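Just so you know, we're using full-length UniProt numbering here: the sequence shown kicks off at 1 and counts up by one.
Yeah, the Cβ is synthetic: ideal placement off N, Cα and C, and Gly gets one too.
These figures come from a predicted structure and were not determined experimentally.
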Amino acid sequence: MRNPAIDKAQQELLSVSRKAATEGIVLLKNDDQALPIQPSEVVSLFGRCQVDTYRSGTGSGGAVNVPYAVNALQGLQSNASFTLNQALIATYQAWLAHHPFDDGGGGWAAEPWFQHEMPLTDEVVAQAAFQSDKAIVFIGRTAGEDKDYADEAGSYRLTELESDMLTKVCRHFTAVIVVMNVTNIIDMSWLTDLENHQAIKAVLYSWAAGMEGGHALADVLSGAVSPSGRLTDTIAYRLQDYPSSAHFGRKDFNPYAEDIYVGYRYFETFAPEEVQFEFGAGLSYTQFERRLVQCSVDVADAGGDLTNANALTFDIEVRNVGQQFSSKEVVQVYVEAPQGKLGKPARVLCGFDKSGEIAPNGRERVQITVPLWALASFDDSGVTGHKNSYVLEAGEYRFYLGGSVRQAELVDAVWQLDQLRVLETLSEACAPTREFERLVPAERQANGVYQTRYQPVPLRTVELAQRIEANLPPTYAFTGDQGIKLVDVAKGHADLEAFIAQLTPAQLATLVRGEGMCSPKVTPGTAAAFGGVCDSLFELGIPVAAAADGPSGIRMDSGHQATQVPIGTLLACTWNSALNQLLYYLVGQELQAYQIDTLLGPGINIHRHPLNGRNFEYFSEDPLLTGWIAAAQTTGLKQAGVSGTIKHFAANDQETARMDVDSVMSQRALREIHIKPFEMAVKYGQASTIMTAYNPVNGHWAASNYDLNTTILRGEWGYTGIVMTDWWAKMNHPVDGGEESKRFTGYMLRAQNDLYMVVENEAAERNPMEDDSLQALAQGELTLGELQRSAMNICRFILNAPVMQRPLQAYQAVKAFAPLSAQALHAVPETAPICFADQTIELNSQESSQCLLQVENSGTYLCFAQMAYDREALAQSSCSLSINGEFAMSLPINGNNGKTTMVQGRAIYLPSGVYWLECQFVKKGAELQTLCFEKQVE
Numbered sequence: 001m002r003n004p005a006i007d008k009a010q011q012e013l014l015s016v017s018r019k020a021a022t023e024g025i026v027l028l029k030n031d032d033q034a035l036p037i038q039p040s041e042v043v044s045l046f047g048r049c050q051v052d053t054y055r056s057g058t059g060s061g062g063a064v065n066v067p068y069a070v071n072a073l074q075g076l077q078s079n080a081s082f083t084l085n086q087a088l089i090a091t092y093q094a095w096l097a098h099h100p101f102d103d104g105g106g107g108w109a110a111e112p113w114f115q116h117e118m119p120l121t122d123e124v125v126a127q128a129a130f131q132s133d134k135a136i137v138f139i140g141r142t143a144g145e146d147k148d149y150a151d152e153a154g155s156y157r158l159t160e161l162e163s164d165m166l167t168k169v170c171r172h173f174t175a176v177i178v179v180m181n182v183t184n185i186i187d188m189s190w191l192t193d194l195e196n197h198q199a200i201k202a203v204l205y206s207w208a209a210g211m212e213g214g215h216a217l218a219d220v221l222s223g224a225v226s227p228s229g230r231l232t233d234t235i236a237y238r239l240q241d242y243p244s245s246a247h248f249g250r251k252d253f254n255p256y257a258e259d260i261y262v263g264y265r266y267f268e269t270f271a272p273e274e275v276q277f278e279f280g281a282g283l284s285y286t287q288f289e290r291r292l293v294q295c296s297v298d299v300a301d302a303g304g305d306l307t308n309a310n311a312l313t314f315d316i317e318v319r320n321v322g323q324q325f326s327s328k329e330v331v332q333v334y335v336e337a338p339q340g341k342l343g344k345p346a347r348v349l350c351g352f353d354k355s356g357e358i359a360p361n362g363r364e365r366v367q368i369t370v371p372l373w374a375l376a377s378f379d380d381s382g383v384t385g386h387k388n389s390y391v392l393e394a395g396e397y398r399f400y401l402g403g404s405v406r407q408a409e410l411v412d413a414v415w416q417l418d419q420l421r422v423l424e425t426l427s428e429a430c431a432p433t434r435e436f437e438r439l440v441p442a443e444r445q446a447n448g449v450y451q452t453r454y455q456p457v458p459l460r461t462v463e464l465a466q467r468i469e470a471n472l473p474p475t476y477a478f479t480g481d482q483g484i485k486l487v488d489v490a491k492g493h494a495d496l497e498a499f500i501a502q503l504t505p506a507q508l509a510t511l512v513r514g515e516g517m518c519s520p521k522v523t524p525g526t527a528a529a530f531g532g533v534c535d536s537l538f539e540l541g542i543p544v545a546a547a548a549d550g551p552s553g554i555r556m557d558s559g560h561q562a563t564q565v566p567i568g569t570l571l572a573c574t575w576n577s578a579l580n581q582l583l584y585y586l587v588g589q590e591l592q593a594y595q596i597d598t599l600l601g602p603g604i605n606i607h608r609h610p611l612n613g614r615n616f617e618y619f620s621e622d623p624l625l626t627g628w629i630a631a632a633q634t635t636g637l638k639q640a641g642v643s644g645t646i647k648h649f650a651a652n653d654q655e656t657a658r659m660d661v662d663s664v665m666s667q668r669a670l671r672e673i674h675i676k677p678f679e680m681a682v683k684y685g686q687a688s689t690i691m692t693a694y695n696p697v698n699g700h701w702a703a704s705n706y707d708l709n710t711t712i713l714r715g716e717w718g719y720t721g722i723v724m725t726d727w728w729a730k731m732n733h734p735v736d737g738g739e740e741s742k743r744f745t746g747y748m749l750r751a752q753n754d755l756y757m758v759v760e761n762e763a764a765e766r767n768p769m770e771d772d773s774l775q776a777l778a779q780g781e782l783t784l785g786e787l788q789r790s791a792m793n794i795c796r797f798i799l800n801a802p803v804m805q806r807p808l809q810a811y812q813a814v815k816a817f818a819p820l821s822a823q824a825l826h827a828v829p830e831t832a833p834i835c836f837a838d839q840t841i842e843l844n845s846q847e848s849s850q851c852l853l854q855v856e857n858s859g860t861y862l863c864f865a866q867m868a869y870d871r872e873a874l875a876q877s878s879c880s881l882s883i884n885g886e887f888a889m890s891l892p893i894n895g896n897n898g899k900t901t902m903v904q905g906r907a908i909y910l911p912s913g914v915y916w917l918e919c920q921f922v923k924k925g926a927e928l929q930t931l932c933f934e935k936q937v938e
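See the structure below:
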């Protein structure tokens, strides 16, 4: 039966998702006005991604079951005003029928990053050129969790067949348009190296644009919408030009020697000649002029909070000086701060906004507020005399206004600061213990470019043990059950402390464990259930909350369908905070309809290096842009009554050895670059859920990193929400570091990471992973107050989550089904095999299968499956069982290196009769060997 609330939410999302996709497409080259394509023109399409269009990346961030997806060909056929070369389309379709999309078997991280192209002959291309005016060539790439890109063909570089396709098309066509249907930026050197590259007149990044991607691409190519996206990353000529290339991909530790000089901060300061397409670049079908009308300064009472009370305000007039196209324009403001004693990048983005659609000869006033904190630098060495402080060094602060970091021009708005100002004095936190050197500017050369030099990074001096001891929370004496329910706290009839004091240590230890994946206690197929996951907690009125993977839509491994929106990089390329807020408000409505409390997203790690396989989930190389877009999305979700779980806190910047590689960085790099977006999402976006990263930061695994989770997040930022681990994360000692383990939840709780994700379903109370929370409590390594503190954080979140507004309903351990009617049984294929309950059903299948299930004796049956999954432990697969067309249960499994494992499903009540049983692999990879429905003793 259809759910009207779900249908309504999905319908409202479609047009906004399409609009966001069009605004995030980035036009990088458009010589001779090759775009938009004119109605009179005939166009030939090359490349299989016209049909096999990538709509997202892989892994948890892209695995959304969609009701449909519009590929590029369908979008062009439906919306384009120009004519397509149908003969060439037929040639591709015939070839694709014998060369289907390679999904790598559908398993976790198994899909290759590229698809083999159809080989082309000069004759085929020449015939297409004879029949057409222009050519569109599609280059496709995906990427995802658990595997980085590589500097090789089929990954960061073009394959031989792709190069051959481009070469032959450029040989025979004089006007070639290249569409980059990719999740990450890739090598673009072929634009200048390829034979006859002059034939390439236009290049655009259409990214992976979700379900509506084909329509959005057609809107832009046809001119129905003028492109207004801008790059959120620098595209360099060579991969080795990125300063992080020196250490990216290491498996032991990764020194962030580039320090704050990530992306354009590095290139504009030290190596502008290495840039092919600069940060912020992007073209429109029209031209704009920008004029600073006024700059006002309100900095009388400088403070360090992330507020706009102390700020510079730029009023800018944007005028469309074109004659034909209406369009939106991104206005970017950059600052050149005085070098001072700390050293600064040549330019830093300090503010931006996006205009509305401006008609030819029209104009719009845009106001950009630049808070003082956006101009400040963190002194982690004390060289300014103010160690561990955000400071504004004395001198001239010059501002640049334009359409990119390179095009921005100096405006008459110099702010002169006569003496150093301290904005905020903080604590030393998360400082490195490993010695290394970081990049800083040396002498400025005549051409304005700085020479490079390196200086030792300041190391940790604080005594963490003393810090932890001095900040231990109070312990509430155990009272036993006083009859206080969580709803009493919600109504103000009791305080949260009194409620928590009722819980035994064992109950508290259960509360800090989430269950999943695919818990039957919440919306089917979601990532986790947490809260009242056992009877004794539920009896206290703690409901069970649901978390679903994101961020590009709701992942449900049950087979239920959801809307897939564009990838994070595309959404950031819109530079449109208001649009992102609206989009995620509507995503929040869909979450509400599915009774899901938090979306595991947005992902807001920094694009430190182009080869990070998970960059598609993240936004940019720039922390300010990342932070504003993150705040917009979390605000939208909050307005819908749900929450966004910002992740991965912090410095989860590569997939290679992602659970082990130590991100070693200075406090300055951590604060100014890598956690600044999280700070903005907390303070501006009111984020109330955070997921820690798999990796250690300066020797301490993120899930047990006290300075990250308590000193900075809770203490400095005032965060009161919930912190959860990434799934099956590891922890180590919050003071001594050293050995790490999934069992060390005592260390996790001491750091104030509240919730361990996840243990197997129906198991939180019996502690199947043998975590050491209670052991740490008994040995004095964890106080009862610390355990109670995390329990209160979880309950505080639940009190404000949608689950608290829904009727409190106990988990129905047994779900009932009725046998097939005679009419329905008659419709079953005669060839369907018949199996019997209480007998082992041999399947040995990795594909969907069906059978008739004969039940002789009415009763409650518990489903067991024998499954095997020949992958590593973090890989995930799921088989969904339905009975008579109705969802019954999920059978999730993690990689077990191919060993047979018993997976317990849920109990179902089956009266005697015949049932239609379907087994569907929603997430492929595992083998379902046997099924058994075991009758329970009444």
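| query | result |
| --- | --- |
| For G738, which three-state DSSP category applies? | strand |
| From N361, K344 and S404, pick the residue whose C-alpha is nearest to that of A376; which is it? | K344 |
| Does DSSP classify V937 as helix, strand or coil? | coil |
| On the premise that D148 lies in contact with P655, defined as a C-beta separation below 8 angstroms, what is that separation, rounded to the nearest angstrom? | Here the sequence assigns Glu to residue 655, which means Pro is not the residue at that position. Right, their Cβ atoms sit about 5 angstroms apart. |
| Does the beta-carbon of Q93 have 16 or more other beta-carbons within 10 angstroms, so that it is buried, or is it exposed? | exposed |
| Determine the extent of the alpha helix (DSSP H) in which F678 is found, giving its start and end residues. | K676 to K683 |
| What's the C-alpha gap between C851 and I834? | 6 angstroms |
| I'd like the list of long-range same chain contacts for G249, defined as Cβ closer than 8 angstroms, with 5 residues on each side in sequence excluded. | D148, L611, Q654 and T656 |
| Check the DSSP bridge columns for D298 and list the partner residues they point to. | A311 |
| Alpha carbon to alpha carbon, how far is P4 from Q11? Give it in angstroms, no decimals. | 10 angstroms |
| Is the separation between the beta-carbon of V587 and that of L599 shorter than 8 angstroms? | yes |
| For L787, I'd like the list of residues in its chain whose CB is within less than 8 angstroms of its CB, leaving aside the five on either flank, ordered along the chain. | P505, L508, A509, V512, L749, S773 and L777 |
| Mind checking whether R55 and M180 have CB atoms under 8 angstroms apart? | no |
| So within the stretch 440-482, which uninterrupted alpha helix (DSSP H) runs reach at least 4 residues, ignoring any that extend past its ends? | 464-470 |
| In whole angstroms, give me the CA-to-CA distance for D549 and H197. | 42 angstroms |
| Run the CB neighbour count on S845, radius 10 Å, all protein chains shown included, and call it buried at 16 or more, exposed below. | exposed |
| I want to know whether the stretch 435-445 touches the stretch 390-408 - three or more CB-CB distances under 8 angstroms. | no |
| To the nearest angstrom, how far is the alpha carbon of N884 from that of Y915? | 6 angstroms |
| Do you know how far the Cα of P227 is from the Cα of V331? | 14 angstroms |
| Which residues in the same chain have their Cβ closer than 8 angstroms to the Cβ of V66, if we skip the five residues on either side of it in sequence? | R55, M211, G553, Q561, A562, T563 and Q564 |
| Give every residue of the same chain whose Cβ lies closer than 6 angstroms to the Cβ of Y205, excluding the five residues on either side of it in the sequence, and list them in chain order. | V26 and M180 |
| Expressed to the nearest angstrom, what Euclidean distance is found between the alpha-carbon atoms of P528 and Y476? | Checking the sequence, you will find Ala at residue 528 rather than Pro. Taking the straight line joining both Cα atoms gives about 29 angstroms. |
| Given a threshold of 16 other Cβ atoms within 10 Å of its Cβ, counted over all protein chains shown, does A578 qualify as buried or as exposed? | exposed |
| Given a cut-off of 8 angstroms on the beta-carbon distance, is the pair L217 and G75 in contact? | yes |
| Roughly how many angstroms lie between the CA atoms of W113 and S389, to the nearest whole one? | 44 angstroms |
| Give the DSSP bridge partners of H733, in chain order. | G737 |
| If you run the structure through DSSP and keep just helix, strand and coil, what is G303? | Any answer about G303 is weak, because its pLDDT of 45 lies below 50 and its placement is not dependable; what the coordinates show is given next. Looking at G303 - three-state DSSP - the assignment turns out to be coil, as it is neither helix nor strand. |
| Between the Cα of G636 and those of L591, E289 and R608, spot the shortest distance and give me the residue it belongs to. | L591 |
| Could you have a look at R265 and say whether DSSP puts it in helix, strand or coil? | helix |
| Could you name each continuous beta strand (DSSP E) segment of 3 residues or more that falls completely within the stretch 796-834, going from the start of the chain to the end? | 814-816 |
| Starting from the C-beta of D219, find all residues in its chain whose C-beta is less than 6 angstroms away, skip the five residues before and the five after it, and write them out in chain order. | T22 and V225 |
| Mind reading off the beta-carbon distance from D380 to R668? Whole number of angstroms is fine, and I expect it under 8 angstroms. | 5 angstroms |
| Got a sec? Which residues, its chain only, sit under 8 angstroms from R18 by beta carbon, not counting five neighbours each side? | E212, H215, A216 and D219 |
| Whose C-alpha, out of D259, Q324 and L312, is nearest the C-alpha of Y334? | L312 |
| Is the stretch 464-472 close to the stretch 756-775, with three or more CB pairs under 8 angstroms? | no |
| Would you check if the distance between the CB atom of F616 and the CB atom of T269 is smaller than 8 angstroms? | no |
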